[in-house]
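Asker:
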Amino acid sequence: MSLVDLPLLPLGKGRDLDAERGVECPGDLPSASDPDLVARAVAAKEALGERVFVLGHHYQRDEVIRFADVTGDSFKLARDAAARPEAAYIVFCGVHFMAESADILTGPEQQVILPDLSAGCSMADMARLRQVEDAWDALADAGIQDSVVPVTYMNSSADIKAFCGRNGGVVCTSSNADVALEWAFDQKPGGDAKVLFLPDQHLGRNTAVLKMGMSLDDCVLWDPLQPNGGLTAEELQGARMILWKGHCSVHGRFTEDVVDELRVKHPGINVIVHPECRHEVVLKADLVGSTEFIIKTIEAAPAGSVWAIGTELNLVKRLADAHPDKSIVFLDRNVCYCSTMNRIDLPHFVWAMENLVAGNVVNRIVVDEDTEREALVALQRMLDLPGRSHRD
Ligand code: 13P
Ligand code: SF4
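In the numbering used here, the protein residues as written are 528 to 919.
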């Protein structure tokens, strides 16, 4: 067993290119107070024309997402990444694992750029390949590896996706986790199938219990920092879902007591949350779904309706601004942006775009060939999932 050590790196200082965070962003950034930043971004985008395709995740800042050609949740962005094969550059306004997936899903000539290399994801960093391989060996020792299908959330590094690809597994996102789990259980007919779900315990648990009809007792929690995951062979043998002990530090902040408080304050309020929230919070909500699902639900809601939303604050603020006829409140008492999504700001965007205009490709995200081949297997299995693979 290896208790993988993560060097402590303040954001933007030091280099750990294997990690989803804390890498230096080289370059001479324009000042955030430069009054011409918007005009510079517009000019760079115009100069690049069809050569650039800008993708923006819903958690991006307003100042950046306004320049996106396509916005979406992580499933939509993965599906749309390859939509412009003629674009030489794909500027990904999101986080590192999304840019990696875009590199895997686009042509070899297309170059994917992440405007700030320190835009990682703390959840993705909670599962490292060596830890996952140790867990896989432990499943063999417990005599169950043959009945386990690994399923990884999109929020994972490319090498974890490749691990799933070479071990008969699949990638999922928050908008298709149920369909991916159905697929995974179908791969091992005979009744003893199990899933190793990486790295978000909450998405895994919420999907298993609320969508697949399993009980909490069907789930065990694999802690990569404990010998044998902190589990006995009997516990592993008795489980249907082996959940990796990872979580989102943003969605982990939402708590049940705020839901209770809001229901007292605003009778009739609708509570909608992302499935990365803790199970207790999801149980108290009225609706649960991906960022795309949340947006569509609010768009379709009647004027005068009252909503509490449990997801990242940039998106909640944007929804509140776009729907002044509805009352929208944030489900956390405090401000809680995703700090790494927020790393992509206008100075980094302008810097990356102006460099492209000048012919310099900065902050290119490249997945090595072997990893790419195996990760593509798992990503393609997700894109090929039958039936309802996305609620749009
Ligand atoms: P979705 O965009 O798939 O809803 O995921 C949210 C998220 O946490 C991305 O990091
Ligand atoms: Fe990662 Fe959570 Fe930020 Fe999404 S919101 S990028 S899961 S830390």
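Backbone N, C-alpha and C define an ideal beta-carbon position, used for all residues, glycine too. Predicted, not measured: the structure shown is a model, and the values here were computed from it.
1. Per DSSP, which one or two residues make a beta bridge with residue 836?
2. Any idea what DSSP makes of residue 620, helix, strand or coil?
3. With a threshold of 16 other CB atoms inside 10 Å of the CB of residue 773, please say whether the residue is buried or exposed.
4. So does residue 875 have its beta carbon nearer than 7 Å to some heavy atom of ligand 1?
5. When the Cα atoms are used, what is the spatial distance from residue 576 to residue 877?
6. Quick one: Cα of residue 760 to Cα of residue 842, how far?
7. Identify the continuous beta strand (DSSP E) that holds residue 599 and give its terminal residues.
8. If you drop the 5 nearest sequence neighbours on each side, which residues of the same chain put their C-beta closer than 8 Å to that of residue 764?
9. Measuring only the C-alpha atoms, how far is residue 590 from residue 857?
10. Would you kindly check if the distance between the Cβ of residue 896 and the Cβ of residue 631 is under 8 Å?
11. Quick one: grab the DSSP three-state call for residue 657.
12. Let me make sure I understand the geometry here. Which of 581, 733, 707, 674 has the alpha-carbon closest to that of residue 626?
13. Since residue 873 contacts residue 564 with CB under 8 Å, what's their CB separation in whole angstroms?
14. Pull every residue with its beta-carbon under 5 Å away from any heavy atom of ligand 1, and keep them in chain order.
15. State the DSSP-derived secondary structure class of residue 593, mapped to helix, strand or coil.
16. Closer than 7 Å is what we want: which residues have a beta carbon that near any heavy atom of ligand 2? List them in chain order.
17. Would you be able to state if there are at least three C-beta pairs under 8 Å between the region 693–710 and the region 585–605?
18. Pick out whichever of 840, 832, 863 has its Cα sitting closest to the Cα of residue 852.
19. For the putative contact between residue 629 and residue 674, defined by C-beta atoms under 8 Å, what is the C-beta separation to the nearest angstrom?
20. Residue 911: buried (16+ other C-beta within 10 angstroms of its C-beta) or exposed?
21. Is the CB-CB distance between residue 654 and residue 725 below 8 Å?
22. Between which two residues does the alpha helix (DSSP H) harbouring residue 584 extend?
23. Going straight from the alpha carbon of residue 844 to that of residue 648, what length do you get?
24. Applying the 10 Å Cβ sphere with the 16-neighbour rule, what's the burial state of residue 891?
25. I need the DSSP call for residue 531, collapsed to helix, strand or coil.
26. Establish whether the CB of residue 884 and some CB of chain B are separated by less than 8 Å.
27. What is the rounded straight-line gap between the Cα of residue 916 and the Cα of residue 738?
28. In the DSSP output, which residue or residues are listed as bridge partners for residue 769?
29. To which residues of the same chain is residue 777 closer than 7 Å at the C-beta, ignoring the five residues directly before and after it?
30. With a 10 Å radius around its C-beta and 16 neighbouring C-beta atoms as the bar for buried, classify residue 578 as buried or exposed.
31. Could you pull the DSSP bridge partners for residue 913 from this structure?
32. Grab the span of the alpha helix (DSSP H) containing residue 679 for me, first residue to last.
33. Determine whether the beta carbon atoms of residue 788 and residue 807 lie at a separation below 8 Å.
Answerer: According to the structure data:
1. 799, 857
2. strand
3. Residue 773 comes out buried.
4. no
5. 15 Å
6. 43 Å
7. 597–599
8. 669, 670, 671
9. 20 Å
10. no
11. helix
12. 581
13. 5 Å
14. 600, 601, 700, 701, 817, 818
15. coil
16. 586, 622, 648, 649, 650, 651, 682, 775, 776, 777, 778, 803, 839, 865, 867, 868
17. yes
18. Of the listed residues, the one whose Cα sits closest to residue 852 is 832.
19. Rounded, the Cβ-Cβ distance is 33 Å, inconsistent with contact.
20. Burial is judged here by how many other beta carbons sit within 10 angstroms of a residue's own beta carbon; residue 911 has fewer than 16 and is exposed.
21. Yes, the pair counts as a contact, with Cβ atoms nearer than the cut-off.
22. Residue 584 -> not in any alpha helix (DSSP H); beta strand (DSSP E) instead, spanning 579–584.
23. 21 Å
24. exposed
25. Note that residue 531 scores a pLDDT of 49, beneath 50, so its modelled location is shaky and nothing firm can be said.
26. Although the question refers to chain B, the structure presented lacks it and comprises just one protein chain.
27. Here the model assigns residue 916 a pLDDT of 42, short of 50, so the residue's position is not dependable and the matter cannot be decided.
28. 723, 747
29. 839, 863, 865
30. So residue 578 ends up on the exposed side.
31. Its beta-bridge partners do not exist; DSSP assigns none.
32. Residue 679: not part of any alpha helix (DSSP H); member of the beta strand (DSSP E) spanning 675–680, first to last residue.
33. no
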